[in-house]
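All remarks here apply to the structure that follows.
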Amino acid sequence: MLEATVLGPVGARVHGTPVPVKGRLGRTVLAVLALACRQPVSVERLIDALWGELPPATARTQVHIQVSKLRAALDRAGAAGAVVTVASGYLLDCLVDVDEVRRLLSTARAAGDPADTAGLLRSALDRWAGTPLGGVTPYLAGAELLRLDELRMCLVEEWIDAELACGRAARLLPELSALVRAHPLREGLHHRRMLALHRAGRRADALAAFHEARRVLRDELGVDPSPELLALEAEILAVGTPPAAAVVPAQLPPRTAGFAGRAAESAAIRAAVTRRTDAPPLVLVTGMPGIGKTALAVHAGAASGHAHPDGQLYADLRGADARPAAPHDVLGGFLRALGVPARSMPATVEERTAEFRSRTAGKRVLVLLDNAATAGQIEPLLAADPGCATIVTSRSVLPEVESAVRVPLGPLPDQVAGTVLANVAGAARLDDGDGDGTVATVIEACGGVPLALRIAGAQLAAYPKLSVAELAARLSDESRRMRELVAGQRSVRDSLDTSFRLLDRETRAAMLALAAIGSATFTGWPLAPVLDVPLARTEEVLAHLCAMNLLDQAGPGRDGVPRYRMHDLVRAYCRTVGPSLDAGPLNRLAGWAVALTRHAYEGILGAPVGYTVLAETAAPLGRDVLGHVVKEPLSWVGADVDVLLAVFALAVRGGLLRLAAALLLVLRAPLVRLDLSDHGARAAARLTAVGGPDPVVRVTAALVTATARMHRSRYADVVAILNEVPLRDVDFALRAEVLTKLGDAYERCGDWHRAITAVREAVGCFRKSGNLAGMSGCHGTLAALYRDHLGDLGAARVHGAKALRLADAAGDWKTRAQVRLVVVRTALACGDAATAVGLAEQARGLAEQHGDPIGWTWCLAAEADAHRANGDLLAARRCADRALGLARRTRRPDAESAALLALASIELSAGDRAAARRLAHAALRLQDRFDSPVERVGVERVLAEIGGQLPSGAAR
Numbered sequence: 011m012l013e014a015t016v017l018g019p020v021g022a023r024v025h026g027t028p029v030p031v032k033g034r035l036g037r038t039v040l041a042v043l044a045l046a047c048r049q050p051v052s053v054e055r056l057i058d059a060l061w062g063e064l065p066p067a068t069a070r071t072q073v074h075i076q077v078s079k080l081r082a083a084l085d086r087a088g089a090a091g092a093v094v095t096v097a098s099g100y101l102l103d104c105l106v107d108v109d110e111v112r113r114l115l116s117t118a119r120a121a122g123d124p125a126d127t128a129g130l131l132r133s134a135l136d137r138w139a140g141t142p143l144g145g146v147t148p149y150l151a152g153a154e155l156l157r158l159d160e161l162r163m164c165l166v167e168e169w170i171d172a173e174l175a176c177g178r179a180a181r182l183l184p185e186l187s188a189l190v191r192a193h194p195l196r197e198g199l200h201h202r203r204m205l206a207l208h209r210a211g212r213r214a215d216a217l218a219a220f221h222e223a224r225r226v227l228r229d230e231l232g233v234d235p236s237p238e239l240l241a242l243e244a245e246i247l248a249v250g251t252p253p254a255a256a257v258v259p260a261q262l263p264p265r266t267a268g269f270a271g272r273a274a275e276s277a278a279i280r281a282a283v284t285r286r287t288d289a290p291p292l293v294l295v296t297g298m299p300g301i302g303k304t305a306l307a308v309h310a311g312a313a314s315g316h317a318h319p320d321g322q323l324y325a326d327l328r329g330a331d332a333r334p335a336a337p338h339d340v341l342g343g344f345l346r347a348l349g350v351p352a353r354s355m356p357a358t359v360e361e362r363t364a365e366f367r368s369r370t371a372g373k374r375v376l377v378l379l380d381n382a383a384t385a386g387q388i389e390p391l392l393a394a395d396p397g398c399a400t401i402v403t404s405r406s407v408l409p410e411v412e413s414a415v416r417v418p419l420g421p422l423p424d425q426v427a428g429t430v431l432a433n434v435a436g437a438a439r440l441d442d443g444d445g446d447g448t449v450a451t452v453i454e455a456c457g458g459v460p461l462a463l464r465i466a467g468a469q470l471a472a473y474p475k476l477s478v479a480e481l482a483a484r485l486s487d488e489s490r491r492m493r494e495l496v497a498g499q500r501s502v503r504d505s506l507d508t509s510f511r512l513l514d515r516e517t518r519a520a521m522l523a524l525a526a527i528g529s530a531t532f533t534g535w536p537l538a539p540v541l542d543v544p545l546a547r548t549e550e551v552l553a554h555l556c557a558m559n560l561l562d563q564a565g566p567g568r569d570g571v572p573r574y575r576m577h578d579l580v581r582a583y584c585r586t587v588g589p590s591l592d593a594g595p596l597n598r599l600a601g602w603a604v605a606l607t608r609h610a611y612e613g614i615l616g617a618p619v620g621y622t623v624l625a626e627t628a629a630p631l632g633r634d635v636l637g638h639v640v641k642e643p644l645s646w647v648g649a650d651v652d653v654l655l656a657v658f659a660l661a662v663r664g665g666l667l668r669l670a671a672a673l674l675l676v677l678r679a680p681l682v683r684l685d686l687s688d689h690g691a692r693a694a695a696r697l698t699a700v701g702g703p704d705p706v707v708r709v710t711a712a713l714v715t716a717t718a719r720m721h722r723s724r725y726a727d728v729v730a731i732l733n734e735v736p737l738r739d740v741d742f743a744l745r746a747e748v749l750t751k752l753g754d755a756y757e758r759c760g761d762w763h764r765a766i767t768a769v770r771e772a773v774g775c776f777r778k779s780g781n782l783a784g785m786s787g788c789h790g791t792l793a794a795l796y797r798d799h800l801g802d803l804g805a806a807r808v809h810g811a812k813a814l815r816l817a818d819a820a821g822d823w824k825t826r827a828q829v830r831l832v833v834v835r836t837a838l839a840c841g842d843a844a845t846a847v848g849l850a851e852q853a854r855g856l857a858e859q860h861g862d863p864i865g866w867t868w869c870l871a872a873e874a875d876a877h878r879a880n881g882d883l884l885a886a887r888r889c890a891d892r893a894l895g896l897a898r899r900t901r902r903p904d905a906e907s908a909a910l911l912a913l914a915s916i917e918l919s920a921g922d923r924a925a926a927r928r929l930a931h932a933a934l935r936l937q938d939r940f941d942s943p944v945e946r947v948g949v950e951r952v953l954a955e956i957g958g959q960l961p962s963g964a965a966r
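First residue of the sequence shown: 11, per the numbering used here; consecutive thereafter.
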């Protein structure tokens with residue numbers, strides 16, 4: 011790994027071996043790239059660093075030369091590829107010593123023990139190896155040295171603070187004296203030196219150090235010492251014992267045993283409460299119930315105690331209770347802790363706030379306000395002095411709280427969650443769960459929620475005979491998870507109960523509905539029918555639930571619409587409160603799902619659908635609602651497919667079988683397009699199991715199952731499934747769909763006459779239902795059957811012409827593309843290659859324009875054959891290669907076989923029989939993955955042609 015050094019002479023090492031970087035310009039380029047921390051650096055930035063405001067005319071060229079030299083040196087040293095050229099300039103992939111210093115500083119700030127903090131900061135300071143940026147141009151040094159020097163002084167001051175907190179005042183004095191001499195105008199060093207002298211028992215020397223600091227500040231800057239320095243002098247004069255011995259309030263609760271993780275969040279809190287600003291720091295820690303807000307706040311507050319020597323105050327504001335703590339009472343407790351006797355206690359909230367702020371003026375006090383309900387509850391409890399800091403925890407995001415450093419908490423990562431579990435249960439206690447996934451199952455069931463993890467660990471610790479496997483089995487059952495996550499007075503259910511009680515009827519119903527649906531992510535539209543409210547109101551409900559941390563934002567879905575998620579434990583809790591939807595809301599929800607999916611289905615196909623069951627079941631939604639929810643049809647189904655399948659399952663469970671069938675019917679085509687037809691098949695099997703005698707339900711289930719089998723090239727299965735359905739009892743539109751699918755399957759199985767019979771009957775059904783696109787597709791199928799299997803080119807041309815005329819009249823892009831493919835084959839059979847090429851290009855353009863990868867694959871294969879017949883082998887090979895790639899991405903073995911066959915024919919036309927034979931055999935091997943005798947015959951004919959048994963120009 012490449013390591014760069016800038017905290018001393020600039021250089022680089024690869025696996026510990028120095029890399030020779032020659033010249034001031036080369037070292038400057040290395041330093042600029044290293045300081046950018048793996049971010050791109052523009053050529054202009056490099057020019058500024060190399061030559062300042064007077065670059066030579068050849069500056070850009072010289073920059074490229076220097077970068078090339080650096081790249082070559084790194085390549086020779088074994089760090090090839092470390093210098094990366096990007097559109098905006100260059101970046102360097104390396105470890106930098108200054109980055110390691112910043113990491114140590116962040117870790118030190120998050121450490122709870124002052125001794126650990128001091129050790130980490132000392133390690134960071136040891137990374138300096140002289141004056142930083144040694145050997146670079148003065149332009150770069152002038153721009154960066156001040157920043158690096160300030161970083162070092164920040165480390166020094168925080169290291170001194172940690173050492174003082176460890177009681178090592180005396181041993182600091184020599185270094186502090188040297189630092190004050192080196193930096194006489196840095197008032198913080200004077201303050202620390204006075205404090206160290208005072209704590210070392212050298213009161214007179216501490217006062218002398220104050221006078222020396224005052225003289226330097228007045229002589230050099232013309233200013234008086236700061237209030238902090240004056241306060242320390244007054245404290246030394248007034249008290250004969252070190253300040254550390256003063257009695258101060260220390261009300262923080264004890265730290266949580268076994269606390270783990272949250273290093274970044276803890277560092278953010280500590281940095282905020284220890285930062286010196288003009289206003290008192292305020293930190294707001296938020297998250298769902300049980301997520302560990304209080305534990306983190308106490309941990310970070312205790313770790314920053316050295317920055318608040320005048321004490322820590324704590325109050326539980328009981329924000330989730332029916333009666334939150336009143337600020338009047340909380341202030342009374344704070345004032346008593348600060349020495350106000352009962353007889354002098356102010357009477358009103360306003361008076362108590364004023365007294366509290368007076369008592370904390372000029373002091374450094376940390377206040378922890380736990381479990382706040384509202385901003386109004388917090389405001390009277392905030393100290394006004396900038397030396398004081400306040401940490402607030404709340405289940406609500408409290409958007410009205412301004413100027414706060416916000417620290418939102420999410421679930422713990424699995425590794426940290428395992429540490430928490432082991433810390434509570436004991437690492438040895440988890441041994442019986444190793445190797446079989448049971449520990450991982452417990453961690454997963456707890457969902458990264460510290461309260462749940464600690465309760466699970468407490469159970470293992472308290473009950474030695476309870477195995478990890480048994481606990482995992484109990485927690486895996488969602489219906490009993492809330493009953494299991496209980497330990498004494500603590501339970502996940504009680505924690506969630508307190509938040510749930512704060513919801514009004516509408517938001518409560520929304521939570522129960524979303525839990526019943528159970529999708530991993532969702533948008534607001536399902537709440538509109540469930541709550542019977544406008545769509546705009548659903549977004550308000552979701553925003554409120556997010557503000558209460560009962561839902562999370564999950565980012566945009568495939569359709570670009572923001573989505574939300576519910577934590578697994580929250581969902582499990584809601585299902586114990588209300589396990590399902592009532593009949594009315596469920597009926598409305600399913601009707602909406604049918605209407606929206608129908609709209610998407612029609613958008614994908616480019617034509618309306620006329621199934622009677624849709625008219626019976628779809629909710630009457632306006633175009634404004636449909637357009638607002640379904641912005642892009644296929645992307646919307648892809649984003650909401652889990653929601654739609656969940657609504658289907660709820661409808662089946664609730665006995666709304668016609669609604670379920672209607673939803674599944676319009677999901678069929680989008681699922682195929684998304685390569686999710688197996689999801690449809692599983693849903694259809696569920697519908698079949700409970701469908702009963704209703705012919706619409708039975709036919710729909712069979713059609714969806716057959717569509718999935720067709721998509722996987724299982725044609726014999728399709729024939730068997732569709733021959734069992736009661737077609738006479740359903741409408742003509744649904745009957746025509748079944749007959750079309752049946753005819754297609756018969757053709758793939760080589761049963762031409764049954765295929766023609768089924769398709770002719772489908773034409774009549776489509777005619778009776780007024781479906782021109784369906785009629786067109788059937789005539790296209792008949793054209794292919796007459797052409798390829800009965801040898802009647804005249805009939806094929808007649809049916810092809812009808813198909814084209816009907817498709818163009820219908821305006822359905824998919825039918826227009828499919829029909830053109832049929833006519834392409836007919837034109838090739840008639841020797842009209844030029845017409846075939848034109849039609850194939852039209853078909854491919856339609857499939858490409860509408861984002862149909864499967865149709866696009868077949869169009870490209872046909873276009874390849876057309877170009878080959880027209881003598882353009884280069885264009886033919888280009889189309890066939892693209893078809894092969896698409897077929898493999900969409901996992902269609904039949905399409906992959908067709909693409910390989912097209913390539914074999916192209917190689918044969920090019921005279922390479924060996925390549926043609928290899929490709930044809932590859933196509934033949936794919937036949938085992940689908941059951942189409944037609945396709946097998948086609949491959950065998952090409953193999954025979956390669957072997958010389960058929961004339962070179964014979965049609966397949």
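Idealized CB from N, CA, C, for every residue including glycine.
If you're wondering where the values come from, they're calculated on a predicted model, not measured in any experiment.
- The C-beta separation of residue 905 from residue 868 comes to about 6 Å, placing the pair in contact by the 8 Å criterion.
- If you draw a straight line from the Cα of residue 88 to the Cα of residue 144, it is about 24 Å long.
- Under the three-state reduction of DSSP, residue 735 is assigned to coil, being neither helix nor strand.
- Secondary structure in the region 794-825: the alpha helix (DSSP H) runs of 4 residues or longer, each lying completely within the stretch, are 803-820 in chain order.
- Per DSSP, residue 750 is one residue of the alpha helix (DSSP H) stretching across 742-759.
- At the C-beta level, residue 792 and residue 762 stay beyond 8 Å of one another.
- The region 326-333 makes no contact with the region 448-462: fewer than 3 CB pairs, one atom from each, lie closer than 8 Å.
- For residue 342, the closest alpha carbon among the candidates 318, 390, 106 is that of 390.
- In the DSSP assignment, the residues bridged to residue 322 are 260, 376.
- Between residue 290 and residue 394, the C-beta spacing is below 8 Å.
- Spanning the alpha carbons of residue 668 and residue 298 requires a straight line of approximately 39 Å.
- The DSSP assignment places complete alpha helix (DSSP H) segments of no fewer than 4 residues inside the region 511-593 at 515-527, 537-541, 545-557, 578-587, in order along the chain.
- Note that the C-beta distance between residue 656 and residue 568 is not below 8 Å.
- For residue 70, the uninterrupted alpha helix (DSSP H) run begins and ends at 69-87, by DSSP.
- DSSP, reduced to helix, strand and coil, places residue 301 outside both helices and strands of the structure shown, so it counts as coil.
- Ranked by Cα distance from residue 506, the first of 549, 704, 301 is 301.
- Between residue 51 and residue 43, the C-beta gap is smaller than 8 Å, which places the two residues in contact.
- Of the other Cβ atoms in all chains shown, fewer than 16 fall within 10 Å of the Cβ of residue 96; this residue is therefore exposed.
- The beta carbon of residue 522 lies closer than 6 Å to those of 584, 588 in the same chain, with the five residues before and after it left out.
- Following the DSSP letters along the chain, one finds residue 719 in no beta strand (DSSP E) but inside the alpha helix (DSSP H) bounded by residues 705-721.
- Taking residue 153 as reference, the option from 856, 469, 41, 81 with the minimal CA-CA separation is 41.
- For the set 182, 156, 728, the Cα lying nearest the Cα of residue 168 is the one of 182.
- In this model, residue 477 and residue 270 are separated by some 24 Å (Cα to Cα).
- Boundaries of the beta strand (DSSP E) around residue 28: 27-29.
- Counting of Cβ neighbours within 10 angstroms places residue 303 among the buried residues, the total reaching 16 or more.
- One alpha carbon belongs to residue 311, the other to residue 561, and they sit about 28 Å apart.
- Judged by DSSP secondary structure, residue 296 falls outside any alpha helix (DSSP H) and instead within the beta strand (DSSP E) spanning 292-296.
- Per DSSP, the unbroken beta strand (DSSP E) holding residue 100 starts and ends at 99-102.
- Residue pairing by DSSP places residue 403 opposite 295 in a beta bridge.
- For residue 360, there is no enclosing beta strand (DSSP E); the enclosing alpha helix (DSSP H) has its first and last residue at 359-369.
- Cβ-Cβ separation between residue 37 and residue 146: approximately 5 Å, consistent with a contact (criterion under 8 Å).
- Residue nearest to residue 296 within the set 822, 558, 814, 228 is 558 (criterion: CA-CA distance).
- Contact between the region 844-853 and the region 799-813 is absent: fewer than 3 CB-CB pairs across the two stretches fall below 8 Å.
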